[in-house]
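These protein sequence lines map, in sequence, to chains A and B. The opening residue of the first sequence carries number 68 in my numbering; numbering runs sequentially from there. The opening residue of the second sequence carries number 3 in my numbering; numbering runs sequentially from there. A short worksheet on the structure shown next.
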Amino acid sequence: MRHFRTLLAHELRSAALSWNTWAAAGLFLALMGGIHFFALVDAARAPAPRSPVEATLWFFWLPLLCVLPLLTMRTFAEERRSGTLAALLTTPASPAAVVWAKFLAVWIVWVLFWLAFAAFPFLAAQRLDGANARALGEASALWGGLCFIAVSGLLHVAIGILCSCVTRSAALAALLAFISLLALTAAGGALETLPIESWEWLGWLREPAAHLRTFGHLQDFTDGVLDARPLVLYGTGTLLCLGLAVLTVEGQE
Amino acid sequence: MNEAAPLPEAAVVAERLTKRYGSLTAVEDLSFSVAPGEIVGFLGPNGAGKSTTMRILAGTMSGTSGRASIWGVSVALDPAGAKRHLAYMPENNPLPEDLRVEEYLTLRARLKDVAPDRVAERVRRVMEDCDLTRRASGRLIGQLSKGFRQRVGIADALLAEPRVVILDEPTIGLDPHQILGIRELIRSLRGKMAVLISSHILHEVEQVCDKVVIINRGRLVAQGRTEDLRRELLPEVAFTVVTRADEAALLAACRAAEPAAAVVAAASADGWNTFRVTLPVGSPARETLAGALIGAGLALREIAEERFGLEDIFLAATRRAPGEGRRS
């Protein structure tokens, strides 16, 4: 992992100066701002089972599918297309350092986006009196939800990075990331809706399906339940994706 | 320069390098070496496998078989170790458009293990050497002309004072003034770094290089000093002769001086005929031909020995079958 810090600082700086990042940030905040606004309006009309903050976080899949691919698509695809990745690899910097630096930079940007979103509930609470402000939801639910975003974001960003490694087209990388993230997010829910119990030969799917409940993980985090299984799932998935990304970069000719 | 270490016999070694893409063989059984401090021209027609070979040596591509080493370090077994001794400027010189020249060189210096307290000094030095300080240091790379981009690539190659520099078409797209500048810069590296340089501008290679390696269809066809290759590949000397005599009279006069002489008519105007006279290399008639023709009573207006340049050597080498007449 030689030169990891140098590469990470470079990637963060590039991200901060890139129009792509700012466009993604604008889209993200517009999306989440709009969702949160409607969640507040709904909460004001009638009592709902979820607080506005939880209801907003429930829509995490929307920026995940629409914004995260914008952040990851150019990481490798653009550099492969322009040839700057090959030039970078002529230095003693290892492919692993390059992959991890790009991964961590995108993950930090992604988490910063969500921390910026966290300002919305606080701003809303400041404009309301005490009782109504409490009705917006517990701060713990917000921080729990953000922890889920940060933990699951490791795998989501790693998937985006891997998709960007396998093509020279940023647009194709974004599409691949979109499909992969959609499949991952929907897989748990889809498996849960299947009548697995009544199909003997599908019995082996019961356990994996329970592990892939993305929305269940979000619920656990917002409820303050710390389960090791999602941590293992997202951690191993991240390592697997990044390992494949390193192999892909090493094998590129 | 890097820390003192035993000097290897060869700075760059390519030993039976082969690269295949499925059924297509890009490089086959290619062997050559570059001595420390030597400047070597790497020549070949388009598609001969020059860039592929350079990329294998630079570690950005793996060969199918064979061995490549940089400063005694195997490129395949210890790529990071080999890269520490090497700087490589690829053919199209890819650069990030959104960085300023100084920022880019600073980043590259850090990635190339330049000591932190020497980064600023090295960046300043290479920018001065490549004439970037005044007109380009603060500009975005994306706004630079082709010439300045090439200079940035060469500055990057020289940043860490590597033992070996591989430059793939470093003067492509440059104007004559810029080519001259780059040529002087490369010439100044003689004795300090081993340089392997590919170029289609043969005159430039001849001016700068100690030795040339010529490949064709992925295989070595010639290597050595230009003078040696001239003797090997062009085994005759040629003269341009302008005279009033006809071909038969000229041939008779030439044969009197050198029985193996040959004459070919080239042009004729205003009663003066131009011929090309060839003699074997080493023929004593090379020194006495003019006197022999005058002695034979021929009306002579001009006689001049043709100089065979690298272009002639290149054409002769690439015409012959790959693998024929290799030199070590």
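From the three backbone atoms N, C-alpha and C, an ideal C-beta is built for every residue, glycine too.
### Other residues of its chain near Arg-18/B: CB distance less than 6 Å, five sequence neighbours each side excluded
So the list reads Asp-31, Ser-33 and Gly-68, once near-sequence residues are dropped.
### Query
Val-218/A lies in the beta strand (DSSP E); which residues open and close that run?
No beta strand (DSSP E) holds Val-218/A; the alpha helix (DSSP H) holding it covers 206 to 232.
### Query
When the distance is taken between beta carbons, is Thr-281/A closer than 8 Å to Gly-303/A?
Per the sequence shown, residue 303/A should be read as Thr rather than Gly. It is not a contact, given that the beta carbons lie outside the stated cut-off.
### Identity of the residue in Val-292/A, Arg-296/A and Leu-285/A nearest Pro-275/A by Cα
Per the C-alpha coordinates, the member of Val-292/A, Arg-296/A and Leu-285/A positioned closest to Pro-275/A is Arg-296/A.
#### Entry: 8 Å contact criterion, which Val-218/A and Leu-135/A should meet: CB distance rounded
Not really, about 15 Å apart at Cβ, beyond 8 Å.
### Query
Would you say Ala-117/B faces chain A, with C-beta separation under 8 Å as the test?
In terms of beta-carbon proximity, Ala-117/B stays away from the interface with chain A, with every pair separated by 8 Å or more.
### Message
Would Gly-150/A and Asn-94/B qualify as a contact pair, given that the criterion is a beta-carbon distance under 8 Å?
### Response
Using a Cβ distance threshold of 8 Å, Gly-150/A and Asn-94/B count as a contacting pair.
### Query
By how many angstroms is the C-alpha of Glu-171/B removed from the C-alpha of Ser-270/B?
Roughly 41 Å separates the two Cα atoms.
### Task
Check Ser-53/B in the structure and name its three-state DSSP category.
Ser-53/B falls in the helix class under three-state DSSP.
### Message
I need the straight-line Cα distance from Glu-26/B to Trp-86/A, nearest angstrom please.
### Response
Residue 26/B is actually Leu in this sequence, not Glu. Taking the straight line from one Cα to the other gives about 42 Å.
### Query
Taking the C-alpha atoms as reference points, what is the distance between Gln-180/B and His-103/A?
Within the model, the alpha-carbon separation for Gln-180/B versus His-103/A is close to 59 Å.
### Beta-carbon separation (whole angstroms), Asp-59/B vs Val-121/B, contact threshold 8 Å
The amino acid occupying residue 59/B in the given sequence is Leu; Asp does not appear at that position. In fact, because the Cβ distance is near 26 Å, the residues do not count as touching under 8 Å.
### Query
Could one say the Cβ of His-103/A lies closer than 8 Å to chain B's Cβ atoms, at least one of them?
Cβ-Cβ to chain B under 8 Å: no for His-103/A.
### Sub-8 Å separation of Ile-156/B and Met-91/B beta-carbons
Going by C-beta atoms, Ile-156/B is nearer than 8 Å to Met-91/B.
### Query
Which of helix, strand or coil does DSSP assign to Asp-314/B?
In this structure, Asp-314/B counts as helix in the three-state DSSP scheme.
### Task
Check each candidate in Asp-115/B, Val-210/B, Val-103/B and Gln-145/B and name the one with the smallest Cα separation from Arg-126/B.
Arg-126/B has its Cα closest to that of Val-103/B, out of Asp-115/B, Val-210/B, Val-103/B and Gln-145/B.
### Query
Can you tell which of Gly-297/B, Asp-212/B and Asn-218/B has the C-alpha that lies nearest to the C-alpha of Ala-254/B?
Taking only the C-alpha atoms, the option nearest Ala-254/B is Gly-297/B.
#### Entry: Residues in the region 52 to 67 of chain B having any Cβ partner in chain A nearer than 9 Å
So the close ones are Arg-57, Ala-60, Gly-61, Thr-62, Met-63 and Ser-64.
### Query
Does at least one heavy atom of the ligand ADP sit under 7 Å from the Cβ of Ala-115/A?
Here there are no bound small molecules, and the ligand ADP is not part of this structure.
### Task
Could you check the C-alpha separation between Ala-258/B and Glu-307/B for me, to the nearest Å?
So the alpha carbons of these two residues sit roughly 19 Å apart.
### Task
Measure the C-alpha to C-alpha separation of Ala-162/B and Glu-121/A and round it to an integer number of angstroms.
Computed Cα separation, rounded: 54 Å.
### Message
Is the separation between the beta-carbon of Leu-107/B and that of Val-128/B shorter than 8 Å?
### Response
Yes, these two residues count as a Cβ contact at 8 Å.
### Message
How far does the beta strand (DSSP E) with Lys-21/B in it extend, from its first residue to its last?
### Response
Where Lys-21/B is concerned, the enclosing beta strand (DSSP E) starts and stops at 14 to 23.
### Task
Consult DSSP for Arg-170/A and reduce its assignment to one of helix, strand or coil.
Here the sequence assigns Phe to residue 170/A, which means Arg is not the residue at that position. Assignment of Phe-170/A by DSSP, reduced to helix, strand and coil, places it in the helix class.
### Minimum length 3: unbroken beta strand (DSSP E) runs contained in the region 125 to 204 of chain B
Along the region 125 to 204 of chain B, the beta strand (DSSP E) occurs as fully enclosed runs of 3 or more residues at 166 to 170 and 196 to 200, listed in sequence order.
### Endpoints, beta strand (DSSP E) assigned at Met-68/A
Taken as a continuous stretch (DSSP letters only), Met-68/A belongs to no beta strand (DSSP E), as it is neither H nor E.
#### Entry: Among Gly-211/A, Ala-164/A and Asp-294/A, the one whose alpha carbon lies nearest that of Ala-185/A
For Ala-185/A, the nearest C-alpha among the options comes from Gly-211/A.
### Query
Would you say Pro-119/A reaches chain B, if we count a Cβ-Cβ gap shorter than 8 Å as a contact?
Not a single CB atom of chain B sits nearer than 8 Å to the CB of Pro-119/A.
### Message
For a cutoff of 8 Å on Cβ pairs, would you count Thr-142/A as touching chain B?
### Response
Chain B contact via Cβ: absent.
### Query
Between Ala-301/B and Arg-321/B, what straight-line distance do the alpha-carbon atoms span, to the nearest angstrom?
Looking at the two C-alpha atoms, the distance is approximately 38 Å.
### Query
According to DSSP, is Ala-262/B helix, strand or coil?
Shown here, Ala-262/B sits in coil according to DSSP, grouped into three states, outside any helix or strand.
### Task
Leaving aside the five residues before and after Leu-79/A along the sequence, list all residues of the same chain whose C-beta is less than 7 Å from its C-beta, in chain order.
Within the same chain, Leu-79/A has close Cβ partners Ala-172 and Ile-175.
### Message
I want to know whether the region 150 to 159 of chain A touches the region 109 to 125 of chain A - three or more CB-CB distances under 8 Å.
### Response
Two segments are said to touch when three or more pairs of C-beta atoms, one from each, lie closer than 8 Å; by this definition the region 150 to 159 of chain A does not touch the region 109 to 125 of chain A.
### Task
Anything in chain A within Cβ reach of Ala-82/B, meaning under 8 Å, just list it in chain order.
Neighbours of Ala-82/B on chain A, chain order: Arg-69, Pro-159 and Ser-161.
### Message
Quick check: the Cα distance between Met-68/A and Cys-232/A, rounded to an integer number of angstroms?
### Response
In this structure, the straight-line span from the alpha carbon of Met-68/A to that of Cys-232/A is close to 18 Å.
### Query
For Arg-235/A, which of helix, strand or coil comes out of DSSP?
Three-state result, Arg-235/A: coil.
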